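Taking our numbering, I'd label the letters of the sequence shown as residues 21 to 319.
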Amino acid sequence: MTNDAKVKLMTDRLAKFIAYTAKKLPDDVIAKLKELQAQETDPMPKVIYETMFRNQELAVQLNRPSCQDTGALQFWVRAGAHFPLLDELADLLREAVVKATQEAPLRHNAVETFDEYNTGKNVGKGVPTIFWDIVPHSDQCEIYTYMSGGGCSLPGHAKVLMPGEGYEGVVRFVMDQMTTYGLNACPPLLVGVGIGTSVETAALNSKKALMRPIGSHNDNANAAKLERLLEDGINNIGLGPQGMGGKHCVLGVHIENTARHPSVIGVAVNVGCWSHRRGHIIFDKDINYTVTTHAGVTL
(Lines of atoms letter the chains of each structure in order from A and count residues from 1; the text may use other names and numbers.)
(Lines give C-alpha, C1' and ligand atoms only; values in the text may rest on other atoms or scores of the structure.)
Protein backbone atom coordinates (compact mmCIF):
# COMPACT_ATOMS: atom_id res chain seq x y z
CA MET A 1 0.00 0.00 0.00
CA THR A 2 1.37 3.42 -0.91
CA ASN A 3 1.86 6.10 1.71
CA ASP A 4 -0.96 8.20 0.22
CA ALA A 5 -3.29 5.21 0.37
CA LYS A 6 -2.40 4.66 4.03
CA VAL A 7 -3.12 8.32 4.81
CA LYS A 8 -6.54 8.11 3.16
CA LEU A 9 -7.40 4.82 4.88
CA MET A 10 -6.43 6.06 8.34
CA THR A 11 -8.23 9.37 7.81
CA ASP A 12 -11.43 7.59 6.75
CA ARG A 13 -11.28 5.14 9.65
CA LEU A 14 -10.65 7.86 12.20
CA ALA A 15 -13.49 10.00 10.81
CA LYS A 16 -15.89 7.06 11.10
CA PHE A 17 -14.67 6.30 14.62
CA ILE A 18 -15.09 9.90 15.77
CA ALA A 19 -18.62 9.99 14.32
CA TYR A 20 -19.41 6.65 15.97
CA THR A 21 -18.28 7.82 19.41
CA ALA A 22 -20.69 10.75 19.15
CA LYS A 23 -23.55 8.26 19.00
CA LYS A 24 -22.47 5.28 21.11
CA LEU A 25 -20.94 5.50 24.57
CA PRO A 26 -17.97 3.30 25.53
CA ASP A 27 -18.76 -0.12 26.98
CA ASP A 28 -17.35 0.72 30.43
CA VAL A 29 -19.50 3.86 30.68
CA ILE A 30 -22.67 1.95 29.79
CA ALA A 31 -21.81 -0.78 32.31
CA LYS A 32 -21.22 1.77 35.09
CA LEU A 33 -24.45 3.64 34.34
CA LYS A 34 -26.37 0.35 34.57
CA GLU A 35 -24.63 -0.41 37.87
CA LEU A 36 -25.60 2.97 39.31
CA GLN A 37 -29.15 2.68 37.97
CA ALA A 38 -29.63 -0.63 39.80
CA GLN A 39 -28.67 1.00 43.12
CA GLU A 40 -31.22 3.81 42.95
CA THR A 41 -34.52 3.36 44.78
CA ASP A 42 -36.30 6.70 44.40
CA PRO A 43 -38.53 7.33 41.35
CA MET A 44 -36.77 10.44 40.01
CA PRO A 45 -33.25 8.99 39.53
CA LYS A 46 -34.76 5.83 38.09
CA VAL A 47 -36.64 7.83 35.46
CA ILE A 48 -33.51 9.83 34.64
CA TYR A 49 -31.45 6.68 34.03
CA GLU A 50 -34.24 5.21 31.90
CA THR A 51 -34.20 8.41 29.84
CA MET A 52 -30.42 8.19 29.43
CA PHE A 53 -30.62 4.65 28.08
CA ARG A 54 -33.54 5.55 25.82
CA ASN A 55 -31.41 8.40 24.50
CA GLN A 56 -28.64 5.93 23.69
CA GLU A 57 -31.03 3.58 21.88
CA LEU A 58 -32.44 6.37 19.73
CA ALA A 59 -29.01 7.78 18.89
CA VAL A 60 -28.00 4.42 17.42
CA GLN A 61 -31.35 3.79 15.72
CA LEU A 62 -31.55 7.25 14.17
CA ASN A 63 -27.79 7.47 13.49
CA ARG A 64 -27.32 10.85 15.10
CA PRO A 65 -25.26 12.23 18.03
CA SER A 66 -26.67 11.46 21.46
CA CYS A 67 -25.97 14.98 22.79
CA GLN A 68 -26.44 18.31 21.03
CA ASP A 69 -23.03 19.49 22.28
CA THR A 70 -20.60 17.26 20.40
CA GLY A 71 -17.78 19.08 22.13
CA ALA A 72 -14.35 20.21 21.09
CA LEU A 73 -12.32 17.35 19.64
CA GLN A 74 -9.24 16.40 21.63
CA PHE A 75 -6.73 13.64 20.94
CA TRP A 76 -4.12 11.89 23.06
CA VAL A 77 -1.66 10.33 20.64
CA ARG A 78 0.97 7.77 21.64
CA ALA A 79 2.79 7.43 18.36
CA GLY A 80 5.62 5.01 17.81
CA ALA A 81 8.84 6.60 16.61
CA HIS A 82 8.70 4.15 13.67
CA PHE A 83 5.01 4.57 12.83
CA PRO A 84 5.01 5.17 9.05
CA LEU A 85 2.58 8.11 9.12
CA LEU A 86 4.17 10.05 11.97
CA ASP A 87 4.89 13.05 9.72
CA GLU A 88 1.30 13.11 8.43
CA LEU A 89 -0.55 12.54 11.73
CA ALA A 90 -1.36 16.14 12.67
CA ASP A 91 -2.86 17.02 9.27
CA LEU A 92 -4.54 13.63 9.09
CA LEU A 93 -6.30 14.17 12.44
CA ARG A 94 -7.57 17.59 11.37
CA GLU A 95 -8.94 16.17 8.14
CA ALA A 96 -10.62 13.33 10.04
CA VAL A 97 -12.37 15.93 12.24
CA VAL A 98 -13.62 17.81 9.17
CA LYS A 99 -14.96 14.57 7.63
CA ALA A 100 -16.62 13.51 10.88
CA THR A 101 -18.20 16.95 11.25
CA GLN A 102 -19.83 16.56 7.84
CA GLU A 103 -20.76 12.90 8.09
CA ALA A 104 -21.92 12.45 11.72
CA PRO A 105 -22.86 15.35 11.64
CA LEU A 106 -21.18 17.17 14.53
CA ARG A 107 -22.16 20.59 15.83
CA HIS A 108 -19.77 23.36 14.76
CA ASN A 109 -17.81 24.16 17.93
CA ALA A 110 -14.62 25.88 16.74
CA VAL A 111 -14.74 29.68 17.15
CA GLU A 112 -11.63 31.66 16.26
CA THR A 113 -10.66 33.72 19.31
CA PHE A 114 -10.73 37.52 18.86
CA ASP A 115 -11.99 37.22 15.27
CA GLU A 116 -15.18 35.68 16.70
CA TYR A 117 -16.34 33.56 13.81
CA ASN A 118 -17.23 29.88 13.70
CA THR A 119 -15.12 27.96 11.19
CA GLY A 120 -17.97 25.51 10.55
CA LYS A 121 -15.52 22.59 10.45
CA ASN A 122 -14.56 21.98 14.09
CA VAL A 123 -10.99 22.94 13.23
CA GLY A 124 -9.19 26.21 13.81
CA LYS A 125 -6.02 27.59 15.33
CA GLY A 126 -4.82 24.85 17.68
CA VAL A 127 -8.10 22.94 17.30
CA PRO A 128 -8.44 20.00 17.52
CA THR A 129 -6.15 19.78 20.53
CA ILE A 130 -3.47 17.11 20.13
CA PHE A 131 -1.40 15.89 23.07
CA TRP A 132 1.65 13.92 21.99
CA ASP A 133 3.70 11.08 23.44
CA ILE A 134 6.37 9.56 21.19
CA VAL A 135 7.07 5.90 22.00
CA PRO A 136 10.58 4.66 21.15
CA HIS A 137 11.09 1.40 19.23
CA SER A 138 7.40 1.15 18.26
CA ASP A 139 5.64 1.19 14.89
CA GLN A 140 2.11 1.47 16.33
CA CYS A 141 -0.10 4.51 16.88
CA GLU A 142 -2.47 4.60 19.86
CA ILE A 143 -5.12 7.34 19.86
CA TYR A 144 -7.65 8.39 22.47
CA THR A 145 -10.44 10.50 20.97
CA TYR A 146 -12.51 12.70 23.23
CA MET A 147 -15.44 15.05 22.75
CA SER A 148 -14.80 17.65 25.43
CA GLY A 149 -18.11 19.28 26.27
CA GLY A 150 -18.75 22.92 27.10
CA GLY A 151 -20.51 22.13 30.37
CA CYS A 152 -18.18 19.47 31.73
CA SER A 153 -14.53 18.87 30.83
CA LEU A 154 -13.80 22.25 29.23
CA PRO A 155 -14.50 24.30 32.42
CA GLY A 156 -11.67 22.65 34.42
CA HIS A 157 -9.94 24.23 37.39
CA ALA A 158 -6.29 24.22 38.45
CA LYS A 159 -4.31 25.76 41.29
CA VAL A 160 -0.86 25.56 42.86
CA LEU A 161 -1.03 24.89 46.60
CA MET A 162 1.66 25.67 49.12
CA PRO A 163 3.23 22.49 50.52
CA GLY A 164 1.92 23.16 54.01
CA GLU A 165 -1.62 22.59 52.72
CA GLY A 166 -0.68 18.98 52.03
CA TYR A 167 -3.05 16.37 50.68
CA GLU A 168 -5.79 17.82 52.86
CA GLY A 169 -5.49 20.89 50.65
CA VAL A 170 -5.88 18.69 47.57
CA VAL A 171 -9.07 17.19 48.99
CA ARG A 172 -10.40 20.64 49.95
CA PHE A 173 -9.74 21.97 46.44
CA VAL A 174 -11.42 19.00 44.76
CA MET A 175 -14.47 19.10 47.02
CA ASP A 176 -14.82 22.88 46.61
CA GLN A 177 -14.88 22.47 42.82
CA MET A 178 -17.31 19.56 42.89
CA THR A 179 -19.79 21.41 45.08
CA THR A 180 -19.80 24.34 42.63
CA TYR A 181 -20.36 22.20 39.51
CA GLY A 182 -23.84 21.21 40.62
CA LEU A 183 -25.93 19.93 37.75
CA ASN A 184 -24.12 22.05 35.12
CA ALA A 185 -21.78 19.21 34.16
CA CYS A 186 -24.59 16.62 33.77
CA PRO A 187 -23.86 14.05 36.51
CA PRO A 188 -23.06 11.28 37.17
CA LEU A 189 -19.54 12.52 36.47
CA LEU A 190 -16.17 10.94 35.85
CA VAL A 191 -13.81 13.04 37.96
CA GLY A 192 -10.22 13.45 36.81
CA VAL A 193 -7.81 14.78 39.42
CA GLY A 194 -4.30 15.76 38.39
CA ILE A 195 -1.39 16.39 40.73
CA GLY A 196 1.94 17.78 39.54
CA THR A 197 4.48 20.54 39.94
CA SER A 198 2.57 23.39 38.23
CA VAL A 199 -0.88 24.28 36.94
CA GLU A 200 -0.18 23.02 33.42
CA THR A 201 1.22 19.65 34.51
CA ALA A 202 -1.63 19.14 36.97
CA ALA A 203 -4.21 20.14 34.35
CA LEU A 204 -2.80 17.75 31.77
CA ASN A 205 -2.73 14.94 34.34
CA SER A 206 -6.37 15.57 35.21
CA LYS A 207 -7.38 15.32 31.53
CA LYS A 208 -5.32 12.15 31.07
CA ALA A 209 -7.16 10.69 34.05
CA LEU A 210 -10.42 10.92 32.09
CA MET A 211 -9.01 8.55 29.46
CA ARG A 212 -8.58 5.67 31.92
CA PRO A 213 -11.14 2.84 31.96
CA ILE A 214 -13.81 3.32 34.61
CA GLY A 215 -13.05 1.15 37.61
CA SER A 216 -9.28 1.33 37.16
CA HIS A 217 -7.11 2.67 39.98
CA ASN A 218 -3.85 4.54 40.31
CA ASP A 219 -0.98 2.08 40.74
CA ASN A 220 0.21 3.96 43.84
CA ALA A 221 -1.60 2.57 46.90
CA ASN A 222 -1.91 5.98 48.60
CA ALA A 223 -3.29 7.60 45.44
CA ALA A 224 -5.74 4.71 44.96
CA LYS A 225 -6.93 5.16 48.56
CA LEU A 226 -7.48 8.86 47.93
CA GLU A 227 -9.49 8.00 44.79
CA ARG A 228 -11.86 5.89 46.88
CA LEU A 229 -12.14 8.50 49.63
CA LEU A 230 -12.92 11.27 47.15
CA GLU A 231 -15.51 9.11 45.40
CA ASP A 232 -17.29 8.51 48.70
CA GLY A 233 -17.10 12.18 49.62
CA ILE A 234 -18.43 13.45 46.29
CA ASN A 235 -21.25 10.90 46.28
CA ASN A 236 -22.23 12.14 49.74
CA ILE A 237 -22.92 15.58 48.28
CA GLY A 238 -26.16 13.97 47.10
CA LEU A 239 -26.40 15.43 43.60
CA GLY A 240 -27.55 12.21 41.99
CA PRO A 241 -28.10 11.86 38.22
CA GLN A 242 -28.61 15.22 36.51
CA GLY A 243 -28.43 16.92 39.92
CA MET A 244 -31.92 15.77 40.86
CA GLY A 245 -30.86 13.84 43.96
CA GLY A 246 -29.86 10.23 44.37
CA LYS A 247 -27.37 7.82 45.86
CA HIS A 248 -24.52 8.47 43.42
CA CYS A 249 -23.26 11.39 41.35
CA VAL A 250 -19.93 10.07 40.10
CA LEU A 251 -18.92 7.34 37.67
CA GLY A 252 -15.56 7.24 39.41
CA VAL A 253 -12.59 9.32 40.57
CA HIS A 254 -9.29 8.91 38.73
CA ILE A 255 -6.05 10.47 39.95
CA GLU A 256 -3.03 10.88 37.69
CA ASN A 257 0.14 12.29 39.19
CA THR A 258 3.72 13.18 38.42
CA ALA A 259 6.57 14.21 40.71
CA ARG A 260 6.53 17.76 42.03
CA HIS A 261 8.84 20.47 43.32
CA PRO A 262 9.04 20.30 47.15
CA SER A 263 7.72 23.86 47.49
CA VAL A 264 4.42 23.32 45.65
CA ILE A 265 1.55 20.96 44.98
CA GLY A 266 -0.16 21.59 41.65
CA VAL A 267 -3.72 20.26 41.58
CA ALA A 268 -6.41 20.29 38.89
CA VAL A 269 -9.91 18.93 38.39
CA ASN A 270 -11.62 18.05 35.12
CA VAL A 271 -14.84 16.11 34.83
CA GLY A 272 -16.56 14.11 32.12
CA CYS A 273 -20.36 14.11 32.01
CA TRP A 274 -22.50 10.97 32.02
CA SER A 275 -22.24 11.03 28.22
CA HIS A 276 -18.49 10.43 28.42
CA ARG A 277 -17.60 10.16 24.73
CA ARG A 278 -14.14 8.68 24.89
CA GLY A 279 -12.72 6.37 22.25
CA HIS A 280 -9.55 4.32 22.11
CA ILE A 281 -8.15 2.95 18.86
CA ILE A 282 -4.78 1.42 18.01
CA PHE A 283 -3.33 1.32 14.49
CA ASP A 284 -0.49 -0.95 13.38
CA LYS A 285 2.00 0.00 10.68
CA ASP A 286 -0.36 -1.34 7.98
CA ILE A 287 -3.29 0.75 9.36
CA ASN A 288 -5.13 -2.28 10.69
CA TYR A 289 -6.98 -1.18 13.79
CA THR A 290 -8.09 -2.45 17.20
CA VAL A 291 -10.80 -0.66 19.18
CA THR A 292 -10.75 -1.28 22.94
CA THR A 293 -13.60 0.96 24.11
CA HIS A 294 -16.47 -0.22 21.89
CA ALA A 295 -16.97 -3.94 21.27
CA GLY A 296 -17.98 -5.02 17.78
CA VAL A 297 -17.43 -1.72 15.99
CA THR A 298 -16.49 -1.96 12.31
CA LEU A 299 -15.02 1.06 10.54
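The C-beta atom is built at its ideal place from N, Cα and C for all residues, glycine as well. Keep in mind that this is a model prediction, so the values were computed, not measured.
- The closest CA to that of E276, considering only L249, T221, H314, T313, is found on T221.
- CA-CA distance, H300 to F193, rounds to 30 Å.
- Contact annotation: the region 275-292 does not touch the region 77-94, with fewer than three C-beta pairs closer than 8 Å.
- If you look at E276, you'll find it in the beta strand (DSSP E) that goes 270-277.
- Uninterrupted alpha helix (DSSP H) stretches at least 4 residues long and entirely within the region 158-222 occur at 186-201, given in chain order.
- Per DSSP, the continuous alpha helix (DSSP H) segment holding A25 begins and ends at 23-41.
- One alpha carbon belongs to L106, the other to H296, and they sit about 28 Å apart.
- Judged by their CB atoms, R298 and P46 are nearer to each other than the 8 Å cut-off.
- Annotated three-state conformation of Q57 is helix, per DSSP.
- Looking at the backbone, the Cα of K36 and that of D111 are separated by about 16 Å.
- DSSP places V117 in the helix class (H, G or I) of the three-state scheme.
- Taking the Cα positions, V211 is about 42 Å away from M21.
- Of the candidates T199, H274, A243, H274 places its Cα closest to the Cα of R232.
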